[in-house]
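Trainee:
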Amino acid sequence: MAKYPFSEIEPKWQRHWEEHRSFRAEEDASFPKEKRRYVLDMFPYPSGAGLHVGHPEGYTATDIYCRYLRMNGYNVLHPMGFDSFGLPAENYAIQTGTHPAVTTRANIDRFRQQIKSLGFSYDWDREVSTCEADYYKWTQWIFIQLYQRGLAYESDAPINWCPSCKTGLANEEVKDGECDRCGTKVTRKRIRQWMLRITAYADRLLEDLDGLDWPEPVKQMQRNWIGRSEGASVVFTVDGHGDALEVFTTRPDTLFGATYMVLAPEHALVARITSAEQKAAVEAYVDGAAKKSDLERTDLAKDKTGVFTGAYAINPVNGKKIPIWISDYVLASYGTGAIMAVPAHDERDWDFAKAFGLPIVEVVAKPGPDGKAAPCAGEPSECTAADGVAVNSGFLDGLGTEAAKKAMIAWLEEKGLGKGTINYKLRDWLFSRQRYWGEPIPLVHCPKCGVVPVPEDQLPLTLPEVSSYEPPGTGESPLAKIDDWVDTTCPTCGGPARRETNTMPQWAGSCWYYLRYLDPSNPGAFVGRDKVDYWMPVDLYVGGVEHAVLHLLYSRFWHKVLFDLGLVNTAEPFQRLVNQGMILGEDNQKMSKSRGNVINPDDIVREYGADALRLYEMFMGPLEVSKPWMTAGLVGVTRFLERMYALGEKPVVDAGPSAELLKLTHKTVRKVDADTASLNFNTAISAMMVLSSELARLDSLPRAAYEPLVLMLAPYAPHLAEELWEKLGHRESLVRAAWPSYDPALCEDDEDTIVVQVNGKLRGDFKAAKGAGKDALEASAKALAKVAEQLAGKDVVKLVVVPGKLVNFVVR
RNA sequence: GCCGGGAUGGUGGAAUCGGUAGACACCAGGGACUUAAAAUCCCUUGUCCGCAAGGGCGUACGGGUUCAAGUCCCGUUCCCGGCACCA
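Residue 545 is where the first sequence starts when you use the numbering used here, and the numbers rise one by one after that.
#1: Just mark methionine 545 as buried or exposed, buried being the case when its beta carbon has 16 or more other beta carbons within 10 Å.
#2: Aspartate 653: which of Ser628, Lys865, Asn635 sits nearest, CA to CA?
#3: Using alpha carbons as the reference points, say which of Leu974, Glu1204, Val1142, Phe1118 lies closest to isoleucine 735.
#4: Work out the CA separation of proline 999 and arginine 1275 for me, nearest whole Å.
#5: According to DSSP, aspartate 1309 sits in a beta bridge with which residue or residues?
#6: Below 6 Å CB to CB, which residues in the same chain sit around threonine 647 once its five sequence neighbours on both sides are set aside?
#7: With a 10 Å radius around its C-beta and 16 neighbouring C-beta atoms as the bar for buried, classify glutamine 657 as buried or exposed.
#8: Please report how far the alpha carbon of arginine 1073 lies from the alpha carbon of asparagine 1113, in whole angstroms.
#9: Whole beta strand (DSSP E) runs in the stretch 983 to 1009 with 3 or more residues, listed along the chain?
#10: Can you give the Cα-Cα distance for isoleucine 638 and tryptophan 705, rounded to whole angstroms?
#11: By Cβ distance, which residues of its chain are closer than 6 Å to alanine 918, with the 5 residues on each side in sequence left out?
#12: Could you check which residue in Glu717, Ala855, Phe1107, Val1331 has the C-alpha nearest to that of arginine 977?
#13: Going along the chain, which residues of its own chain have a beta-carbon closer than 7 Å to the beta-carbon of aspartate 1309, five neighbours each way excluded?
#14: In the DSSP assignment, find the alpha helix (DSSP H) that holds tyrosine 1262 and state where it starts and stops.
#15: So who's on the other strand from glutamine 978, going by DSSP bridges?
#16: If you compare alpha carbons, which of Glu821, Phe587, Lys579, Arg1183 is closest to asparagine 616?
#17: Considering only the beta carbon of each residue, do valine 1149 and serine 773 sit closer than 7 Å?
#18: How many Å lie between tryptophan 1079 and glutamate 1251 at the Cα?
#19: Whose C-alpha, out of Lys1305, Thr1182, Ser1244, Val597, is nearest the C-alpha of tyrosine 548?
#20: State the Cα-Cα distance for the pair isoleucine 1229 and methionine 1256, rounded to the nearest angstrom.
#21: Cutting at 8 Å between CB atoms, please list the residues of its own chain near cysteine 920, excluding the five before and the five after it.
#22: Give me whichever residues DSSP pairs with glycine 912 in a beta bridge.
#23: Give the secondary structure of glycine 1180 by DSSP, where H, G and I count as helix, E and B as strand, and everything else as coil.
#24: Is it the case that the Cβ atoms of methionine 1162 and threonine 604 are separated by a distance below 7 Å?
#25: Rounded to the nearest angstrom, what separates aspartate 720 and threonine 849 at their Cα positions?
#26: Report the start-end ranges of each beta strand (DSSP E) in the stretch 1079 to 1161 that is 3 residues or longer and not cut off at the edges.
#27: Within its chain, find whatever has a CB closer than 8 Å to the CB of tyrosine 980; leave out the 5 residues flanking it on each side and keep chain order.
#28: Counting Cβ pairs closer than 8 Å, one from the stretch 1039 to 1058 and one from the stretch 676 to 689, do we hit at least three?
#29: So who's on the other strand from leucine 1350, going by DSSP bridges?
#30: Can you list, in chain order, the residues of its chain whose CB lies under 8 Å from that of glutamate 1295, leaving out five sequence neighbours each side?
#31: Helix, strand or coil for methionine 1233, going by three-state DSSP, please let me know.
#32: So, with DSSP's three-state summary, where would you put tryptophan 869?
#33: Identify whether phenylalanine 780 lies in helix, strand or coil by the three-state DSSP scheme.
#34: Locate the beta strand (DSSP E) running through phenylalanine 939, then write down its first and last residues.
#35: On the three-pair Cβ rule with 8 Å, is the stretch 889 to 904 touching the stretch 922 to 932?
Right, here's the structure in full:
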């Protein structure tokens, strides 16, 4: 079998599809809603390294699915674009002086050419690139909508700062205390920032996850990230000061056990309440904490440290005076930055109390068999956070933990000392970056009018040219150095004003790109509402899991804001999400330049062809799991493609296939149809291999068996399938040819294979007519020599007969 | 520590409802064709005992439910990912 000429076939059909605009999607009203599908890939950042073999994995999966849907009569929207603002282009500009737009456009051209060489069925007329002004005009416009709704605000709280990237980072961009991009340890810095109020959507971002067809791990990661916890806020009074000290607790039932309080070192009350004797110690501790990075504070703080302020609070429930300490185990940024400490029932409070000799009072005890509980004598010997029965707790005594929580909240609310509260770990989104290559934030600072948005008719606010891309590192962006850009007039009063010089983070453009695809060149709106109604929501979104709490959270947030503004038709953008697994190197490690295990898709296409690469990546294993690359494995799919090509050289006859071949054909169609629809591509390919091997034995091919195989191959290896389809005498491309159908009756075998077991062990099998009765099956089973041997001299104590499946003799 | 996912031959992986474990491939070995090689085709290929017929064992480990467990239940180990002093 000769190598097949993929290097001629593949460009030929790619040209054909391009010339015929084969994949253009139009809003054709004759397709009912249920016959429309929006299938989306996570668009790539066009890095200088070119396409990675991981990209075509997801792209091939969606492409197969789209081609399958088209052949089944669906109107399919399948676009591609580029997420093109980002640090690599800017860092390259710093080194070389080349404008990031120049390198970015060159990289996009290379990516586009590489993607096209794989024969994906994108509608290229809808391509978007987030760094182009006619795109980011609308990113800026959406930002202004957020601003006007009060969802964007200025803050000067300490933030995560990457000293290497010289920019602030969102919480989502910090992993293990390091910058997600460059791995540098993140420090804390206090600079003026723009924040987006994503916390206002915390509850909806959480609740709406339930209705999404997403992988459970991603939902779980978002749930954890949002981190909802129910509890109560309780107001203590500082003794002798009259200051209120509010805390959040998930265990209001343990309030009687609160024996001290702890403030975060940054808490506003610290300076006010510290006593003269403790002043020096407290200030030293606060200074020390301020110098530590977040990582140092969390990592090194396994041993609890802290200082007494000299002040006391009054526990509202029993009037007791309890000391107020400061410690960095209390985070300024969660809850109120202060806690009531219940050392008997909280591990951290226990450690702290033990370290500083603070009192420990048991208020929850393990109930006995009668459901009642008695407090232990003196201090408890160990800490427990488990539920139990309230003791030493006045009016709560005898109540179970859940009931005690409710009772305490009711009591607090009645006395005006607190209330039931819900807290989230999710923080607002730090949205400004002190870098050049991003969307300018379209705001103006006017000494008279304050912050004023750039009017819509002045958008886009384009990036100015700069002489140096180097970030000053002062907390200003390179834009701050361009005086004639920064100095402007106030859109409201016309007086002198200054532009905001921060830019948006790389995530901004990807928050809404799936909407721009619907209407990519609309000059009057970010998207036309009719287009939204025609296509949205996205029916299938495929991409890596690494964006679980970044892009996928941010874009849900923006989408909900747009939904509340009445601009989109659904509360959620992506109905179904599938994460493709990572493709590892042959050494089972993550592909990286430094390990030298990177596979370049161009090399594979040149040597084996695009169809082989597509097929191989789908044949490696299930889409969702990570799996190692093995170039040797490509020969398997290549042999299959060569066999298919060789079939195309054989005469095709209209005479019917043998009954056996006809059955195999229908079974294969059934299997490939079901597996393609459910994205189980590896087993679909395996089924096609089996049918192709059978056909390869024949001298002439019955059309009724061969044509369905070519059609089924089309989504998987579209170039070769088009070539074979043409050889079959068809004039039209098979892009919209009808997907083969199967006759369920023809998939059934005439006979069943009945397995015979003795005591559950396989001892033989036989063929039986369909619908054979239990008695007949038993008789046939007993007639098998091996079975008879096993049964000889033994009593059959039980007989299990599953018609059509098996006979099992249980003997003694 | 907490949460989520996983563990099947030498390798990647199959296995609808609990009903023939290892489909389809890779690798390896053998054979056919050939002057030879490549390519192709055919055969073998979980493991142990056995010349064979046949039999024992086998889906990370230990239990359990069942006529029957890779699949269900309980416990353990290891691997991967996420979060991590969040009160």
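Cβ atoms here follow ideal geometry from the backbone N, Cα and C, with glycine treated the same way.
Mentor: The structure says:
#1: Position 1 of the first sequence, counted from the start, is the residue given in the question as residue 545. Unreliable placement is indicated for methionine 545, whose pLDDT of 44 sits below 50; no coordinate value is reported for it.
#2: Stepping through the first sequence from its first residue, residue 653 is reached at position 109. That would be Ser628, whose Cα lies nearest to the Cα of aspartate 653.
#3: On the first sequence, residue 735 is found 191 positions in, with the first residue counted as 1. Comparing Cα-Cα distances from isoleucine 735 to each of Leu974, Glu1204, Val1142, Phe1118, the minimum goes to Leu974.
#4: On the first sequence, residue 1275 is found 731 positions in, with the first residue counted as 1. On the first sequence, residue 999 is found 455 positions in, with the first residue counted as 1. Going by the C-alpha atoms only, they are around 55 Å apart.
#5: Locating residue 1309 in the first sequence gives position 765, counting from the first residue. Val1299.
#6: Counting from 1 along the first sequence, the entry for residue 647 is found at position 103. Taken in chain order, the residues that qualify are Ala633, Tyr636.
#7: Residue numbering aside, residue 657 sits at position 113 when the first sequence is read from its first letter. Glutamine 657 comes out exposed.
#8: In the first sequence, the residue the question calls residue 1073 occupies position 529. In the first sequence, the residue the question calls residue 1113 occupies position 569. Distance between the alpha carbons of arginine 1073 and asparagine 1113 is about 8 Å.
#9: 987 to 990, 994 to 997
#10: Taking the first residue of the first sequence as 1, we reach residue 638 at position 94. Taking the first residue of the first sequence as 1, we reach residue 705 at position 161. Spanning the two alpha carbons is a distance of roughly 20 Å.
#11: Sequence index remark: in the first sequence, residue 918 carries index 374 (1-based). Nothing meets the Cβ criterion.
#12: The residue given as residue 977 occupies position 433 in the first sequence. Nearest C-alpha to arginine 977: Glu717.
#13: Working through the first sequence from its first residue, we reach residue 1309 at position 765. These residues qualify, in order along the chain: Thr1297, Ile1298, Val1299, Val1300.
#14: Counting from 1 along the first sequence, the entry for residue 1262 is found at position 718. For the record, residue 1262 in the displayed sequence is proline; it is not tyrosine. Its alpha helix (DSSP H) spans residues 1262 to 1271.
#15: Counting from 1 along the first sequence, the entry for residue 978 is found at position 434. In DSSP, glutamine 978 forms no bridge with anything.
#16: Walking along the first sequence from the start, residue 616 turns up at place 72. If we check each option's Cα against that of asparagine 616, Lys579 comes out closest.
#17: Locating residue 1149 in the first sequence gives position 605, counting from the first residue. Locating residue 773 in the first sequence gives position 229, counting from the first residue. No, these two residues do not count as a Cβ contact at 7 Å.
#18: For the purposes of this step, residue 1079 is taken as residue 535 along the first sequence, with counting starting at 1. For the purposes of this step, residue 1251 is taken as residue 707 along the first sequence, with counting starting at 1. Cα to Cα, tryptophan 1079 sits roughly 33 Å from glutamate 1251.
#19: Position 4 of the first sequence, counted from the start, is the residue given in the question as residue 548. When each option's Cα is compared against that of tyrosine 548, the closest is Thr1182.
#20: Here residue 1229 corresponds to residue number 685 of the first sequence, with the count starting at 1. Here residue 1256 corresponds to residue number 712 of the first sequence, with the count starting at 1. Answer to the nearest angstrom: the Cα atoms are 9 Å apart.
#21: Translated into the one-based positions of the first sequence, residue 920 becomes position 376. Closer than 8 Å at Cβ, skipping near neighbours: Glu906, Ala909.
#22: On the first sequence, residue 912 is found 368 positions in, with the first residue counted as 1. Per DSSP, none; premise fails for glycine 912.
#23: Locating residue 1180 in the first sequence gives position 636, counting from the first residue. Of the three classes helix, strand and coil, the one that applies to glycine 1180 here is helix, per DSSP.
#24: If you number the first sequence from 1, residue 1162 lands on position 618. If you number the first sequence from 1, residue 604 lands on position 60. Against a cut-off of 7 Å, the Cβ pair of threonine 604 and methionine 1162 comes out as a contact.
#25: Position 176 of the first sequence, counted from the first residue, corresponds to residue 720. Position 305 of the first sequence, counted from the first residue, corresponds to residue 849. If you take the alpha carbons of aspartate 720 and threonine 849, they lie about 22 Å apart.
#26: 1084 to 1087, 1121 to 1123
#27: Taking the first sequence and counting its residues from 1, one reaches residue 980 at position 436. Within the same chain, tyrosine 980 has close Cβ partners Glu634, Ala637, Pro644, Leu1007, Val1010, Tyr1013, Pro1015, Ser1021, Pro1022, Leu1023, Thr1047.
#28: yes
#29: Position 806 of the first sequence, counted from the first residue, corresponds to residue 1350. Paired residues: Val1299, Val1346.
#30: The residue labelled residue 1295 in the question sits at position 751 within the first sequence. Result list for glutamate 1295: Lys1311, Ala1312, Ala1313, Lys1314, in chain order.
#31: Here the question's residue 1233 lines up with position 689 in the first sequence. Methionine 1233 falls in the helix class under three-state DSSP.
#32: Here residue 869 corresponds to residue number 325 of the first sequence, with the count starting at 1. Here tryptophan 869 sits in strand by DSSP.
#33: The count along the first sequence starts at 1 and reaches residue 780 at position 236. Phenylalanine 780 falls in the strand class under three-state DSSP.
#34: For the purposes of this step, residue 939 is taken as residue 395 along the first sequence, with counting starting at 1. From DSSP, phenylalanine 939 is part of no beta strand (DSSP E); its letter is neither H nor E.
#35: yes
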